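Each remark here refers to the structure printed beneath this line.
There are 2 protein chains.
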Amino acid sequence: MLRERSLAVSQECSDCPIRHRAVCARCESDELDRLEEIKYYRKFEAGQPVIWSGDRMDFVASVVSGIATLTQTMEDGRTQMVGLLLPSDFMGRPGRDTAAYDVVATTDLVMCCFRKAPFETLMANTPHIAQRLLEMTLDELDAAREWMLVLGRKTAREKIASLLAIIAQRDSALHKTSGSGRIVFDLPLTREAMADYLGLTLETVSRQISALKKDGVIVLEGKRHVTVPDMGRLLEEAGDDTDGGILA
Amino acid sequence: MLRERSLAVSQECSDCPIRHRAVCARCESDELDRLEEIKYYRKFEAGQPVIWSGDRMDFVASVVSGIATLTQTMEDGRTQMVGLLLPSDFMGRPGRDTAAYDVVATTDLVMCCFRKAPFETLMANTPHIAQRLLEMTLDELDAAREWMLVLGRKTAREKIASLLAIIAQRDSALHKTSGSGRIVFDLPLTREAMADYLGLTLETVSRQISALKKDGVIVLEGKRHVTVPDMGRLLEEAGDDTDGGILA
DNA sequence: CGAGGGTTTGACAGATTTCAAACGACGTGG
DNA sequence: CCACGTCGTTTGAAATCTGTCAAACCCTCG
């Protein structure tokens with residue numbers, strides 16, 4: 115299989131692609147050495163589950179590459195996505211031994227795992243890890259609260275625009291599109307996953323995407339390739355404050 | 115004013131009502147001494163704002179008594195509550211100097227404040243504070259994600275039942291109603307605040323509360339005093355898993 | 001007594017969901 | 001090579017939930 119080759123990952127923390135953003139970001143080289151002793155990589159193919167809610171979970175992990183979703187499910191099958199794990203994001207909770215959410219790889223995924231017990235003892239002796247984890251958790255809390263506004267108060271059209279804006283901004287941050295020009299990206303989510311993120315049905319997602327396309331807010335090539343001619347317009351549609359949007 | 119007397123608070127950390135649950139919970143007595151040096155109390159009357167989103171914020175604080183709400187507001191006035199601050203909850207973010215949300219006292223409120231700069235340096239030298247703050251932040255993140263499911267996927271009736279269940283459980287934890295019998299509490303929120311929490315209009319909140327009352331899920335005396343004859347039934351209405359609900 | 005805040009209730013409109021059907025892309029097997 | 005099934009997606013029509021607008025109620029307070 116080609117996959118084995120394409121997923122080959124560096125075993126060296128020093129040239130890890132998420133070295134400066136993950137939970138280990140603030141570690142000194144000696145601290146990194148100790149992390150390196152207890153780390154191991156796991157790979158998942160697109161669509162595979164990483165863990166199910168309630169399962170015993172004896173590790174924590176960072177996403178090295180790929181995307182995973184965190185979802186909650188009700189007894190009758192309704193599901194809500196509660197988080198999106200992107201490269202450098204952290205998964206698992208020190209001090210808890212079962213998974214709180216379903217985690218599924220939506221693309222091919224590589225995770226840098228640490229067994230929980232050694233990680234916890236390491237964390238107790240390494241303030242830099244705990245500091246960084248606190249920082250990341252506070253960021254996630256802000257993101258979750260931002261999303262509560264989207265879920266609770268925005269219309270279907272605004273929800274779609276909000277999601278597109280987030281993905282667009284994340285992508286433009288990576289690609290460094292410098293110029294204020296058009297933004298182009300691929301949707302990493304199916305219509306159904308978008309619906310689960312937004313608290314909508316997939317039909318509504320499809321309809322609203324078509325509407326935004328008809329109104330020229332976005333341009334579609336195929337189902338997944340999106341061009342945003344005017345980011346300000348998209349943010350307007352999202353209902354976001356455009357004040358101080360110089361930097362967007 | 116009577117208020118001044120009724121809000122009198124202890125100045126001693128050692129007999130503080132939130133001593134064992136707040137951000138200082140894990141501190142040793144010497145660490146507590148240092149916190150005591152930089153702390154000061156602030157009192158707010160019901161309805162008063164604590165801070166507005168975007169304002170400069172040079173302190174962090176713990177709620178000692180009373181309830182405050184965290185809300186986000188869109189340009190056109192739509193608002194969504196994104197958190198409820200109860201006694202022992204923490205407000206503010208080390209490392210950030212402006213408020214991210216509107217904070218309003220919904221009841222008379224007492225906060226134990228620390229100026230941000232001294233608190234941050236103290237935190238850097240006092241792992242117990244950072245550890246506890248991480249724990250509390252992770253709990254808040256879980257609560258926020260739980261709420262995302264409520265906002266995104268539950269019906270109006272389920273939303274109301276979910277909110278009542280949360281308040282009921284919090285209260286029964288305090289009052290230690292030991293017996294599995296009826297649970298009684300007062301709603302600390304107006305219909306409008308409940309609507310802001312649940313992503314509904316106040317009219318829908320009112321209607322659904324009436325419906326739950328008509329169906330015998332709850333019993334109302336006046337507008338605020340609620341009795342839950344059967345907690346299992348309420349949880350069912352909330353769409354929550356009732357499995358393993360022995361302890362609820 | 002009157003005013004105001006919080007609440008309830010009604011009628012209607014509208015947004016989103018539900019149910020159904022059909023499309024296009026893709027890979028498999030005949 | 002093409003038929004076929006699957007998966008993700010689009011589109012339509014009807015049903016339903018929730019929001020909107022309006023009026024009235026209750027209670028407290030001045």
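These protein sequence lines are chains H and B, in that order.
Read in order, the letters of the first sequence are residues 115 to 362 in my numbering.
Read in order, the letters of the second sequence are residues 115 to 362 in my numbering.
Beta carbons are placed, not taken as given, at the ideal position from N, Cα and C, and that holds for glycine.
In this text the structure is predicted, and so the values were computed from the model without any measurement.
1. Should D253(H) go down as buried or exposed, given a rule of 16 or more other Cβ atoms within 10 Å for buried?
2. List the whole-angstrom C-beta distance separating R310(H) from T193(H), where the pair is believed to meet the contact cut-off of C-beta under 8 Å.
3. Would you tell me roughly how many angstroms separate the C-alpha atoms of G346(B) and A307(B), rounded to the nearest one?
4. Along the chain, where does the beta strand (DSSP E) that runs through M195(B) open and close?
5. Which partner residues of V174(B) appear in the DSSP bridge assignment?
6. Locate the alpha helix (DSSP H) running through Y311(H), then write down its first and last residues.
7. Is it the case that the Cβ atoms of M225(B) and R156(B) are separated by a distance below 7 Å?
8. Taking CB distances under 7 Å as the criterion, tell me whether R347(H) reaches chain B.
9. By the criterion of Cβ-Cβ separation under 9 Å, what are the contact partners of P241(H) in chain B?
10. For K230(H) and L236(H), I'd like the C-alpha separation in whole angstroms.
11. Can you pull the chain B neighbours of T318(H), defined as C-beta to C-beta under 8 Å?
12. What number of angstroms, rounded off, separates the C-alpha of S324(B) from the C-alpha of G180(B)?
13. Here's the rule I'm using: 16 or more other beta-carbon atoms within 10 Å means buried, otherwise exposed. How should A258(H) be labelled?
14. Quick one: what's got a C-beta closer than 7 Å to S202(B)'s C-beta in the same chain, skipping five residues either side?
15. Tell me the residue span of the alpha helix (DSSP H) that contains P241(H).
16. Measuring CB to CB, does R267(H) end up less than 7 Å from Q322(H)?
17. In angstroms with no decimal places, state the Cα-to-Cα distance between D222(H) and P163(H).
18. For chain B, is any of its Cβ atoms less than 7 Å away from the one on R148(H)?
19. For V319(B), report the span of its alpha helix (DSSP H) as first-last.
20. Classify R246(H) as buried or exposed, calling it buried when 16 or more other Cβ atoms lie within 10 Å of its own Cβ.
21. In this structure, what does DSSP give as the bridge partners for D300(H)?
The relevant details are as follows:
1. exposed
2. Checking the sequence, you will find Asp at residue 310(H) rather than Arg. Confirmed, about 5 Å.
3. 25 Å
4. 193-199
5. F228(B)
6. 305-312
7. yes
8. no
9. A238, P241, A244
10. 10 Å
11. Those within 8 Å of T318(H) in chain B number zero; the least Cβ separation is about 13 Å.
12. 27 Å
13. buried
14. I132, R135, A136, S176, V177
15. 241-267
16. no
17. 11 Å
18. no
19. 316-328
20. buried
21. H339(H)
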